[in-house]
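**Student:** In our numbering, the protein residues as written are 27 to 352.
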Ligand SMILES: [Zn+2]
């Protein structure tokens, strides 16, 4: 297809038509994308935008795990539970009991479920994926919505805390979502956002092979200072930014390194999620070697993440914002 026949590259965040091509990336279905950066708002976005068919293929059963849980081996799910519990504890410390909490993109609802065990809270979750939301619906202490967040879902100043844990980069209409959040979050309410850090050393080093690029599911990215600026324009002030993450960052380096040497991306990651049909050319022994590489190098890349975090160059970042509207 020649360039003129392609759809215009429109910024996912601000709608500007002025952007620069940065690098290319191939997804797990061998579709080629470009990563572009908007000249106006500095948003990085996936181009061309994936079609509905490409997205539903990408969010298939294997994305959320074929079984009850997302990850099927290595005790990975147990470890992730530990992280979720720790995250829940931190949330509970931020607000008094009976507060109302919304987790956008709540997945299986495990995170909200942990909060429910720590006290009496009004818990709301939004999960658009059918399989994940069915699992979340089994948790009766959560008010679950399986459609995208819209203006009319909740009243003004309804929530004390809203969380977007690795969800912002998946949003089709991120600017609109932030406006709704600003409206339904109380004055002084807390908004927690975690995102891949496209300004990180791992992003700069691996470009199209970077794990957290995750095409075509991740539609947009921001460098930390650009997101902070945009959030300030939306009426949010930064309370805290945290870069070090054992859960996200060391594996980001390991899988990106493996992507450099393998012909297909995310072979190890897909197998860990129980997606046994992906890249069958990689046999048991090959995956075993990849697993061994992962185990042996994990401590090293925890150490490098401590250094990267000092420079705000870790693979992912967690922001805590406060709604400054009156
Ligand atoms: Zn833009």
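Don't be surprised by glycine CBs; every beta carbon is placed ideally from N, CA and C. Source: prediction; values computed, not measured.
Just to confirm before moving on: does the CB-CB distance between residue 254 and residue 264 stay below 8 Å?
**Tutor:** In this structure, residue 254 lies near residue 264, with their beta-carbon atoms less than 8 Å apart.
**Student:** For residue 337, name the three-state secondary structure that DSSP assigns.
**Tutor:** Correct three-state label for residue 337: coil.
**Student:** Under the DSSP definition of a beta bridge, which residues are partnered with residue 221?
**Tutor:** 343
**Student:** According to DSSP, what are the bridge partners of residue 58?
**Tutor:** 52
**Student:** Just list the residues that DSSP pairs residue 47 with in beta bridges.
**Tutor:** 62
**Student:** Helix, strand or coil for residue 186 per DSSP?
**Tutor:** In this structure, residue 186 counts as strand in the three-state DSSP scheme.
**Student:** Would you give the residue range spanned by the alpha helix (DSSP H) that residue 102 belongs to?
**Tutor:** 102 to 120
**Student:** How big is the Cα-Cα spacing for residue 296 and residue 351?
**Tutor:** About 43 Å.
**Student:** How is residue 1 classed by DSSP in three states: helix, strand or coil?
**Tutor:** Summary: the structure shown does not reach residue 1, with the chain confined to residues 27 through 352, and so no result is reported for it.
**Student:** Could you check the C-alpha separation between residue 107 and residue 73 for me, to the nearest Å?
**Tutor:** 34 Å
**Student:** Which same chain residues, not among the five before or five after residue 159, have their C-beta less than 7 Å away from its C-beta?
**Tutor:** 153, 170, 172
**Student:** Count the other CB atoms within 10 Å of the CB of residue 321; is the residue buried (16 or more) or exposed (fewer)?
**Tutor:** So residue 321 ends up on the exposed side.
**Student:** Taking the alpha-carbon positions, what's the residue 180 to residue 207 distance?
**Tutor:** 10 Å
**Student:** Of all residues in the structure, which have a C-beta closer than 5 Å to any heavy atom of ligand 1, taken in chain order?
**Tutor:** 37, 39, 40, 42, 64, 66, 67, 69
**Student:** Is it right to say residue 339 is buried, meaning 16 or more other beta carbons lie within 10 angstroms of its own, or is it exposed?
**Tutor:** buried
**Student:** Residue 281 to residue 150, Cα distance in whole Å?
**Tutor:** C-alpha separation (whole angstroms): 33 Å.
**Student:** Span of the beta strand (DSSP E) holding residue 71?
**Tutor:** Element bounds for residue 71: 70 to 73.
**Student:** Give me the DSSP bridge partner(s) of residue 268.
**Tutor:** 344
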